[in-house]
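Chain order of the listed sequences is A and B. Residue numbers for the first sequence follow the numbering used here, so the first one is 502 and each next one is one higher. Residue numbers for the second sequence follow the numbering used here, so the first one is -17 and each next one is one higher. First comes the structure, then the notes that go with it.
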Amino acid sequence: MKKFAKILVSSLLAVTLAACGSANADNSSDDSGTDATSTSGVGFVERTKNPYEDEMRFAWIPTNATEANATAWGNGIREELSYWPNATLNVFDPERSAEQQAKIVSDLVAQGYDGIFLQTINPDILSASVREAEEAGIPVVCINMGTTEPHAALVSMTDFEAGQVIARRIGDALGGEGNVVIIEATVGAVRGVRLQDGFMSVMQAEYPNIKILDSQPADWNMEKAQNLMNDYLTKYGDDIDAVFAHNDQMAEGAGMAVQNAGKQGDIIIWGANGERKALEYIEDGIITGTVYTNCKDQGKTAARIMMLYLNSNLDTGSFTKTPVTKMPPITVDASNVDTITEDMRW
Amino acid sequence: MKQMRQETVRRIISLVLLVVLTGFFIATTDTFLSWANITSMLREAAFVGIIAIGVTTCIITGGNNLSGGLTMGMCCMVFAHLYKYTGMSLIMLVLISLLAGLAAGAFNGFVVAILQVPDFVATLSTGMIFQGITYVLAIRNQYGSITSEMIKNQTVASWGGKLPNGIYYVTIAWIVMSLIMQFFLKKTKTGTYIYAMGANRKSAEYSGISYVKIKMIAFIIAGFCSFVGAMFILGRNGTCDVTTGAAYSLQAISAAVIGGAAFSGGRGDMIGTFIGVMFLQVLRNGVLKFNMTTAQQAVISGIIIVLMLVFDAYYNEFMQKRTTRAAAIAREKEGKGK
Chain A
502 MKKFAKILVS SLLAVTLAAC GSANADNSSD DSGTDATSTS GVGFVERTKN
552 PYEDEMRFAW IPTNATEANA TAWGNGIREE LSYWPNATLN VFDPERSAEQ
602 QAKIVSDLVA QGYDGIFLQT INPDILSASV REAEEAGIPV VCINMGTTEP
652 HAALVSMTDF EAGQVIARRI GDALGGEGNV VIIEATVGAV RGVRLQDGFM
702 SVMQAEYPNI KILDSQPADW NMEKAQNLMN DYLTKYGDDI DAVFAHNDQM
752 AEGAGMAVQN AGKQGDIIIW GANGERKALE YIEDGIITGT VYTNCKDQGK
802 TAARIMMLYL NSNLDTGSFT KTPVTKMPPI TVDASNVDTI TEDMRW
Chain B
-17 MKQMRQETVR RIISLVLLVV LTGFFIATTD TFLSWANITS MLREAAFVGI
33 IAIGVTTCII TGGNNLSGGL TMGMCCMVFA HLYKYTGMSL IMLVLISLLA
83 GLAAGAFNGF VVAILQVPDF VATLSTGMIF QGITYVLAIR NQYGSITSEM
133 IKNQTVASWG GKLPNGIYYV TIAWIVMSLI MQFFLKKTKT GTYIYAMGAN
183 RKSAEYSGIS YVKIKMIAFI IAGFCSFVGA MFILGRNGTC DVTTGAAYSL
233 QAISAAVIGG AAFSGGRGDM IGTFIGVMFL QVLRNGVLKF NMTTAQQAVI
283 SGIIIVLMLV FDAYYNEFMQ KRTTRAAAIA REKEGKGK
């Protein structure tokens, strides 16, 4: 009877995930091969641990543990796991190195962790390690960025779409004409690449008279972005009409540079993520807007999916496609920033 | 003979520390000694270890090499770029990547030995050049953004494989290369010249040993090691990005020093470096087992490495004083004899 119940739960889970994946497939521009479709041909495993009774060890490996969104995701995961008395969560920092991240995953597999939460730095480089984990029966639930190789689940923010939304907001605000500078993520960082691609796809197709004056990396870093913005202001002066930064921290840096130059309000500045400070800067008029995601809720969602798998007999290693859940993005500017209430801020 | 004893003592100390560290993790965790964990550790250590072979050789000459990991990244990207955009045969891809590694080594040698730029600054700068080349060669999508692409080739994938007993090919390559280099350094004339150059450049040059030639050899060996590491990285990951290899340079230097290589030159070997690499890997792997925060892991690892380096510095000073004292006593005895 117990076995029957487990198989029933597993089957329901498989169907749910497949449906969930299909529902998101149309919206996804994910080119990593982790698009949601079906989990056809899934297998089943006999799990030796009972999450209600046995000690469970989980790992959270963001791209960089010191970033605000990584902390928010981690807090969300931890909060959800706190409902499981024997679950512990360890955080590992690969310091933005895909190689280091792959090493950590391999180490954790060898040490028999029960589940891995991962924000991959590079979907291709991490594929082999994630495959190792899945083959060892360790579900890998990715946050924001999955791997080329199928894995248990991906709980993602929008990125390509966020870039498109920001491009339209800037394009409309400029009336289809003007000059934009871009502050990029670390060169090759996949989230940055997708934001940029989404932004450029709209700019090229819908706003041919908007010129991209310059696009340089500031490594996700506020101070570097501030320096870069100062350089832009020196180089292009009053020609700059708008700034697109790949994350909020860099938008904040740009905002401070613009403020120090006495041009606050003259230049449109958009970031992405929706961290607390960025929302405050929007309220203060230092930056124009951001694409907000509730990262804490994203972390909780990832943890719920993980525990669902570990309470089932579903073999996530047998998936042929990764089920994807996308968090709803909220485009925030001065007109609606107050709708992001205190409990939603991270 | 005295120098040999000194090296042996230093190596025994490193080995004892490695054994103590390993013993601690075995005693405190249940998964450390599993075969899966051992083979995994050996594989991860091997990538750093292969780079460390070249780095150690450079350190023995009295220099350094901060560009080992970045050369590795460049070799990976040369391979990936040509694979993506030219459709060359596998043999050509490997040969051109090999040439890239050797050319990077020769360039380092040129800057250090012929332009007389100190090794540290020279390889720091050339590393930036190699990383710049990696960026230039990076795979780009239709919007011009840097991305990566899987190398879908069975032969390349097989380089990341393992034997039926679980030992990875990269581990075997590391051990074989270490043994070959150990033999080269200890049993060949050129190896002896490398030590002589590091121990005392002036004396070596008075003896007719070419500084340029020795530096060139050391850096070209390092370039070759970076190439080998690059091929195994591609085998393991099936791709690369612009950060590939960047973290390995400093790890390789740390491993060499922990293993007994001295920045002053003339000291160190592959057995010591092997121990140093394993020390770092065991530490990293072992720390993962404790429920520590990221910050705690970094602090603990950092403290242990610093303690090792401080010990190394004190040990060197102690041995130097002992040698000086012994020489003074010998001179005194000689004087009394007259």
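Idealized CB from N, CA, C, for every residue including glycine. Keep in mind that this is a model prediction, so the values were computed, not measured.
Its Cα nearest to that of A/N774, the residue A/N795 stands out among A/N795, A/V606, A/M757 and A/L619. Pairing B/A277 with A/R597, the inter-Cα distance amounts to about 15 Å.
Closer than 8 Å at the C-beta level to chain B, one finds no residue of the segment 792 to 825 of chain A.
Considering only B/F92, B/V138, B/G268 and B/G173, the residue with the shortest C-alpha distance to A/A611 is B/G268.
Chain A has a Cβ within less than 9 Å of the Cβ of B/G220.
The straight-line gap separating the alpha-carbon atoms of A/T735 and A/A762 is approximately 10 Å.
Interface annotation, B/T225: in contact with chain A, CB-CB separation under 9 Å. Taken through DSSP and simplified to helix, strand or coil, B/Q124 comes out as coil. Only T649 from the segment 644 to 662 of chain A bring a Cβ to less than 7 Å from some Cβ of chain B.
At least 9 Å separates the CB of B/K197 from every CB of chain A. For B/M56, the nearest beta carbon of chain A is not closer than 9 Å to its own beta carbon. Here A/G786 is near A/Q765, since their CB atoms are less than 9 Å apart. Interface with chain B (9 Å Cβ-Cβ cutoff): A/R669 is excluded.
For the segment 137 to 156 of chain B, the set of residues with a beta-carbon nearer than 8 Å to any beta-carbon of chain A comprises G142, in chain order. Inclusion of A/Q727 and A/A690 in the CB contact set at 9 Å is not warranted, their separation being larger than that value. Secondary-structure assignment with DSSP links A/V592 through a beta bridge to A/W561. Within chain A, no residue has its beta carbon less than 8 Å from that of B/Y65; the closest one is some 13 Å off. Cβ-Cβ separation between B/W156 and B/I32: approximately 5 Å, consistent with a contact (criterion under 8 Å). Under the three-state reduction of DSSP, A/N710 is assigned to coil, being neither helix nor strand.
Contact check for A/E650 against A/V666 fails: the beta carbons are separated by 9 Å or more. Using a Cβ distance threshold of 9 Å, B/M213 and B/I196 do not count as a contacting pair. B/G36 and B/C207 have their C-alpha atoms some 6 Å from each other. Interface criterion met: the Cβ of A/P624 is under 9 Å from a Cβ in chain B. Counting of Cβ neighbours within 10 angstroms places A/I617 among the buried residues, the total reaching 16 or more. Secondary structure note for A/I769: its beta strand (DSSP E) is the uninterrupted segment I769 to W771. Around A/V543, the same chain offers A515, L815, D816, S819 and F820 as residues with beta carbons nearer than 7 Å, after the five sequence neighbours per side are excluded. Against B/A18, the close residues of chain A are V610, A611, Q612, G613 and A637, in the order they occur along the chain (beta-carbon pairs closer than 9 Å). Scanning chain B for C-beta atoms nearer than 7 Å to the C-beta of A/K604 yields E26, reported in chain order.
When B/A82, B/C222, B/L81 and B/G142 are compared, the shortest CA-CA separation from B/I128 is found for B/C222.
Bridge partners of B/C57 according to DSSP: none are assigned.
At least one CB atom of chain A sits nearer than 9 Å to the CB of B/M23. An exposed status is given to B/K318, since fewer than 16 other beta-carbon atoms sit within 10 Å of its beta-carbon. Annotated as distal: A/L809 and A/M557, with beta-carbon spacing of 9 Å or more. When 8 Å is used as the limit between beta carbons, A/S836 is near no residue of chain B, the shortest such separation being about 30 Å.
Taking all protein chains shown into account, B/G69 has fewer than 16 neighbouring C-beta atoms within 10 Å of its C-beta and is therefore exposed. Look at the beta carbons and you see the segment -1 to 17 of chain B not touching the segment 198 to 206 of chain B: under three pairs across the two are nearer than 8 Å.
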